[in-house]
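A.B. asks: This is the structure I have questions about; it appears just below.
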Amino acid sequence: MLAIIGGSGLTQLSNMAVIRREVARTPYGEPSGALMYGTMCNEPVVFLARHGYGHTIPPHLVNYRANLWALKQAKANAIISVASVGSIRSDFPPGTLVVPHQIIDYTWGRKSTYFEGGEGLVKHIDFTHPYDEALRQRLIAAAHAADDSAHDGAVYAATQGPRLETKAEIDRLERDGADVVGMTGMPEASLARELEIPYAAINVVANYAAGRVSSERGIHFGDIEKVLQGSMLRVRHLLEHLCRVC
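Numbering (my numbering), first residue to last: -18 to 227.
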């Protein structure tokens, strides 16, 4: 079963035939919302809205552990994360679809592991390559099959939020080697690795990051909404083709 986690701009999948809605219970509390089970292109799919169906949960308060555990309980054998990002690079304009290959984690204070010691075992994971390469390549192939384009590879900077970054912070991220910036990539990716579920991401560039190109003097949220409306239609189309190639 393919699991899809929807972020800003993707709180539901209109091209998914919903079969049932299920409220999951986990040892780590409640997930962001009910799991939606259904099919896409006759393939089984489970969908979860990361920020809740009314987009009411900010990035730093998402219960990532519960979300990933619920998808594990649902027997998901692959997870696709869909998330909007800001572009640090001038050649990633708004509307660009990106399939990242690396992460730099700047978040703090989030519950980020299932192995906290105490009575349980401490477990270390290899996180050299945070995204599953085979699943990443399926996303790239799905984009081609959908007659769309998705940039193969980018370094994703995960920041704390919920505020956007300052220009100086974006300058620092660029010096560190980041290409795009978002608020939800961690600890989601590492938790999926702990649970041994292949995980990859589709990043939708919603705007240039602070101090870059059209965001030189500030970020215009009205423009972001317009970009996401059009871009998420493309993402839904890509996901249909992903179900076929998977």
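C-beta atoms are modelled at their ideal positions from N, C-alpha and C, and glycine is treated no differently.
What you are looking at is a predicted structure, and each value in this text was computed from that prediction instead of being measured.
(1) Looking at the strands, I want to know which residues DSSP matches up with Leu78.
(2) Mind checking which residues open and close the alpha helix (DSSP H) that includes Gln54?
(3) Answer with buried or exposed for Met(-18), where buried requires no fewer than 16 other C-beta atoms within 10 angstroms of its C-beta.
(4) State the DSSP-derived secondary structure class of Asp133, mapped to helix, strand or coil.
(5) Rounded to a whole number of angstroms, what is the C-alpha to C-alpha distance between His32 and Pro12?
(6) Where does the unbroken beta strand (DSSP E) through Ala124 begin, and where does it stop?
(7) Can the beta-carbon of Asn184 be found less than 9 Å from the beta-carbon of Val208?
(8) Contact between the stretch 196 to 205 and the stretch 121 to 133: three or more CB pairs below 8 Å?
(9) If you follow the beta strand (DSSP E) that Ser68 is part of, which residue opens it and which one closes it?
(10) Specify, as a first and last residue, the run of the beta strand (DSSP E) that Ala159 falls within.
(11) What does the Cβ neighbour count give for Glu177, buried or exposed, with the cut at 16 atoms within 10 Å?
(12) Check for me: the alpha helix (DSSP H) holding Ala191 runs from which residue to which?
(13) Nearest to His132 by alpha carbon, out of Pro168, Ala182, Val80 and Trp50?
(14) Give every residue of the same chain whose Cβ lies closer than 8 Å to the Cβ of Phe96, excluding the five residues on either side of it in the sequence, and list them in chain order.
(15) Taking the Cβ atom as the reference point for each residue, do Ala228 and Tyr112 lie within a distance shorter than 9 Å?
(16) Could you spell out the range, first to last residue, of the alpha helix (DSSP H) harbouring Leu172?
(17) So, for Arg2: in the same chain, excluding its five sequence neighbours on each side, which residues have a beta-carbon less than 6 Å away from its beta-carbon?
(18) With a Cβ-Cβ cutoff of 9 Å, do Ala135 and Asp157 count as a contact?
C.D. replies: On the basis of the supplied data:
(1) Reading the sequence shown from its first residue, position 97 is the one you call residue 78. For Leu78, the pairing in a beta bridge is given by DSSP as Val185.
(2) By 1-based counting over the sequence shown, the position of residue 54 is 73. DSSP places Gln54 inside the alpha helix (DSSP H), whose first and last residues are Tyr45 to Gln54.
(3) Reading the sequence shown from its first residue, position 1 is the one you call residue -18. Met(-18) is exposed by the Cβ-count criterion.
(4) The count along the sequence shown starts at 1 and reaches residue 133 at position 152. Judged by DSSP in its simplified three-state form, Asp133 adopts strand.
(5) As a working note, residue 32 is residue 51 in the sequence shown. As a working note, residue 12 is residue 31 in the sequence shown. His32 and Pro12 have their C-alpha atoms some 10 Å from each other.
(6) By 1-based counting over the sequence shown, the position of residue 124 is 143. Careful: Ala124 lies outside any beta strand (DSSP E), inside the alpha helix (DSSP H) at Glu114 to Ala126.
(7) Position 203 of the sequence shown, counting from 1, holds the residue named residue 184. Position 227 of the sequence shown, counting from 1, holds the residue named residue 208. No, the pair does not count as a contact, with Cβ atoms beyond the cut-off.
(8) Cβ pair count under 8 Å is below three, so no.
(9) If you number the sequence shown from 1, residue 68 lands on position 87. Ala59 to Ser68 is the extent of the beta strand (DSSP E) around Ser68.
(10) Here the question's residue 159 lines up with position 178 in the sequence shown. First-last for Ala159: undefined, no H or E at that position.
(11) Against the sequence shown, residue 177 aligns to sequence position 196. By the neighbour-count rule (16 or more Cβ atoms within 10 Å), Glu177 is not buried but exposed.
(12) Numbered from its first residue, the sequence shown carries residue 191 at position 210. Per DSSP, Ala191 lies in no alpha helix (DSSP H) segment and is marked neither H nor E.
(13) Counted from its first residue, the sequence shown places residue 132 at position 151. Comparing Cα positions, the closest option is Val80.
(14) Against the sequence shown, residue 96 aligns to sequence position 115. Closer than 8 Å at Cβ, skipping near neighbours: Leu102, Val103, Lys104 and Glu175.
(15) Because residue 228 is not part of the residues shown, which for the chain are -18 to 227, the question remains open.
(16) Counted from its first residue, the sequence shown places residue 172 at position 191. Counting along the chain, Leu172 sits inside the alpha helix (DSSP H) bounded by residues Glu169 to Glu175.
(17) Along the sequence shown, one-based indexing puts residue 2 at 21. Within the same chain, Cβ atoms closer than 6 Å to the Cβ of Arg2 are found at Ala15 and Met17, the five residues on either side in sequence being excluded.
(18) Within the sequence shown, the letter at position 154 stands for residue 135. Within the sequence shown, the letter at position 176 stands for residue 157. Between Ala135 and Asp157, the gap from beta carbon to beta carbon reaches 9 Å or more.
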